[in-house]
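Trainee: All the letters of the sequence shown, read from the start, carry residue numbers 3 to 335 under this note's numbering. Every residue gets a Cβ at the ideal spot worked out from N, C-alpha and C, and that includes glycine.
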Amino acid sequence: MKAYIVDRYRKNEPLRYGDVPEPVPGQDDVLVEVHAAGLNPLDNKIRDGAFKAILPYRPPFILGHDVAGIVIGVGANVRRFKLGDAVYARPRDGRIGAFAERIAIDQADVALKPGTIGMEEAASIPLTGLTAWQALVERAGLEQGQKVLIHAGSGGVGTAAIQLAKHLGATVATTTSTANVDLVKRLGADIVIDYRNQEFDKLLSGYDVVLNSLDSTTLRKSLDVLKPGGKLISISGPPDPDFAREQGLSWALRQVMRLLSMKARRLARKQGVDYSFLFMHADGAQLTKIAELIEAGSLRTVVDRVFPFAETNEALAYVETGRAKGKVVIKIK
Ligand SMILES: NC(=O)c1ccc[n+]([C@@H]2O[C@H](COP(=O)([O-])OP(=O)(O)OC[C@H]3O[C@@H](n4cnc5c(N)ncnc54)[C@H](OP(=O)(O)O)[C@@H]3O)[C@@H](O)[C@H]2O)c1
């Protein structure tokens, strides 16, 4: 089958379009004919080699974290899916490879595709939808009436997180540039900070939760927005020792992450707030809950551009600009 392959780790190296062996599903796997694949900044970072220590993929390997497609094979232990099911998934770390005609995925990572949307929209959801869910529901326990600041509201994570936070009954502030103010308001943001003209840390206070996906300056300023006991959850780093433990990383890497996050953790402690790094994980059960929200109209997809499979490298370059509004998807079938 055809796929886009990382032959070696190198910054901005185009992926190779080539032939690879057909995936063979294991006993717990579904074999999916990929109709569309979603793109994420993580794809570029992995290709560049920036995640080698945490996710040690050995080239050559197929890139891609978000899948929508049709089940065309099932392993002996698979009971929840059958041939012909339309599904979507974020395959677990170590088993990625969405930029391909077919992929075998552990059934635990898969959910039925929301019936109300097409394949390209469905492929835009898994990684960022799960990130928003794991940050706001699992980690923050966000409740009705609480206040949350979501940075980069017009991005893949931001567009999902704003809507999920509103669904949970929170008051939502977000940062974005002038051009995207209307978009984030339409998604439900109550307070919009145009970061080109306004400073969020001067305007917001008493927040329960901040979801950070930006740089260390934003992270530091975000501490001032929180009330005592509030939670600063960062998905863009620095990684902390709890994350290193959860990932089963070596003692040496745990120490590196202790050092990397020392300042953030110290500043947070000083202000009486909690700092944690979140690295999202595959979860088919959560994707089922997200599908219910989509079908109920509580969560809508925001797809900026759909590229043909033949332009996967161009699509990755577009994501790399950091200017996408919502998600970028490639159409494979
Ligand atoms: N740890 C995890 O599990 C995890 C999961 C998902 C993502 N991430 C990371 O989180 C980051 C965001 O991911 P994503 O998928 O949302 O990225 P993305 O979709 O590529 O983000 C692009 C958006 O970011 C906005 N943006 C850029 N600079 C901004 C700023 N200074 N203030 C406010 N908005 C800004 C842009 O809006 P404007 O054009 O208006 O500036 C654009 O709409 C990435 O670093 C990604 O790797 C981590």
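Could you compute how far the alpha carbon of Glu140 sits from the alpha carbon of Lys187?
Mentor: Here residue 140 refers to the residue found at position 138 when the sequence shown is read from its first residue. Here residue 187 refers to the residue found at position 185 when the sequence shown is read from its first residue. Rounded to the nearest whole angstrom, the C-alpha separation of Glu140 and Lys187 is 25 Å.
Trainee: Whole-angstrom Cβ separation of Ser238 and Leu216, contact assumed at under 8 Å?
Mentor: Locating residue 238 in the sequence shown gives position 236, counting from the first residue. Locating residue 216 in the sequence shown gives position 214, counting from the first residue. Indeed they touch by this definition, with Cβ atoms about 6 Å apart.
Trainee: In three-state terms, what does DSSP make of Leu251?
Mentor: Against the sequence shown, residue 251 aligns to sequence position 249. Three-state result, Leu251: coil.
Trainee: Return helix, strand or coil for Ser218, following the three-state DSSP convention.
Mentor: Stepping through the sequence shown from its first residue, residue 218 is reached at position 216. In the structure shown, Ser218 sits in a helix (DSSP, three-state: H, G or I).
Trainee: Assuming contact is defined by CB atoms lying nearer than 7 Å, are Asn182 and Ser224 in contact in what I supplied?
Mentor: Here residue 182 refers to the residue found at position 180 when the sequence shown is read from its first residue. Here residue 224 refers to the residue found at position 222 when the sequence shown is read from its first residue. Not closer than 7 Å, so no.
Trainee: Does the beta carbon of Asn199 fall short of 6 Å from some heavy atom of ligand 1?
Mentor: Sequence index remark: in the sequence shown, residue 199 carries index 197 (1-based). Every heavy atom of ligand 1 is 6 Å or more from the Cβ of Asn199, so no.
Trainee: Span of the beta strand (DSSP E) holding Val73?
Mentor: As a working mapping, residue 73 is identified with position 71 in the sequence shown. Element bounds for Val73: Asp68 to Val76.
Trainee: Could you give the C-beta distance for Ala162 and Thr130, rounded to a whole number, given that I count them as a contact under 8 Å?
Mentor: For this step, residue 162 is matched to residue 160 along the sequence shown. For this step, residue 130 is matched to residue 128 along the sequence shown. In this structure Ala162 is in contact with Thr130, their Cβ atoms being roughly 5 Å apart against a cut-off of 8 Å.
Trainee: Give the secondary structure of Gly299 by DSSP, where H, G and I count as helix, E and B as strand, and everything else as coil.
Mentor: For the purposes of this step, residue 299 is identified with residue 297 of the sequence shown, where counting begins at 1. In this structure, Gly299 counts as coil in the three-state DSSP scheme.
Trainee: Please report the distance separating the alpha-carbon of Gln200 from that of Val194.
Mentor: Your numbering for residue 200 matches position 198 in the sequence shown. Your numbering for residue 194 matches position 192 in the sequence shown. Inter-residue distance for Gln200 and Val194 is about 10 Å (C-alpha atoms, whole angstroms).
Trainee: Can you name, in chain order, every residue of its own chain whose Cβ lies under 7 Å from the Cβ of Gln288, other than the five neighbours on each side?
Mentor: In the sequence shown, residue 288 corresponds to position 286, counting from 1. Closer than 7 Å at Cβ, skipping near neighbours: Leu132 and Trp135.
Trainee: To the nearest angstrom, report how far apart Arg271 and Val227 are at their CA atoms.
Mentor: Translated into the one-based positions of the sequence shown, residue 271 becomes position 269. Translated into the one-based positions of the sequence shown, residue 227 becomes position 225. In this structure, the straight-line span from the alpha carbon of Arg271 to that of Val227 is close to 14 Å.
Trainee: Curious, which full-length beta strand (DSSP E) runs of at least 3 residues does the stretch 84-110 contain?
Mentor: 88-91 and 104-108
Trainee: Do you know offhand how far Leu301's Cα is from Leu166's?
Mentor: Taking the sequence shown and counting its residues from 1, one reaches residue 301 at position 299. Taking the sequence shown and counting its residues from 1, one reaches residue 166 at position 164. The straight-line gap from Cα to Cα measures roughly 7 Å.
Trainee: May I ask you to list the residues that DSSP assigns as paired with Gly40?
Mentor: Here the question's residue 40 lines up with position 38 in the sequence shown. Note: Gly40 sits in a beta bridge opposite Asp68 and Val331.
Trainee: Measure the alpha-carbon distance for Ser152 versus Ser236 and round it to whole angstroms.
Mentor: Taking the first residue of the sequence shown as position 1, residue 152 is located at position 150. Taking the first residue of the sequence shown as position 1, residue 236 is located at position 234. The sequence as given places Ile at residue 152; Ser does not occur at that position. Taking C-alpha positions only, Ile152 is separated from Ser236 by approximately 10 Å.
Trainee: Got a sec, what are the start and stop residues for the beta strand (DSSP E) Leu234 sits in?
Mentor: Numbered from 1 along the sequence shown, position 232 holds the residue referred to as residue 234. Element bounds for Leu234: Leu228 to Ser236.
Trainee: Would you say Asn182 touches ligand 1, meaning its beta carbon is less than 6 Å from a heavy atom?
Mentor: What you label residue 182 is simply residue 180 of the sequence shown in a count that begins at 1. At least one heavy atom of ligand 1 is nearer than 6 Å to the Cβ of Asn182, so yes.
Trainee: Closest to Tyr6 by C-alpha separation, out of Leu17, Arg12 and Tyr209, would be which residue?
Mentor: In the sequence shown, the residue the question calls residue 6 occupies position 4. In terms of Cα proximity to Tyr6, the closest of Leu17, Arg12 and Tyr209 is Leu17.
Trainee: Count the other C-beta atoms from every protein chain shown that fall within 10 angstroms of the C-beta of Ala256, then say buried if there are 16 or more, exposed otherwise.
Mentor: As a first step, residue 256 must be located in the sequence shown, where it is residue number 254. According to the sequence as given, residue 256 is Arg; it is not Ala. Under this definition Arg256 is a buried residue.
Trainee: Do you know how far the Cα of Gln29 is from the Cα of Leu185?
Mentor: The residue labelled residue 185 in the question sits at position 183 within the sequence shown. The residue labelled residue 29 in the question sits at position 27 within the sequence shown. So the alpha carbons of these two residues sit roughly 44 Å apart.
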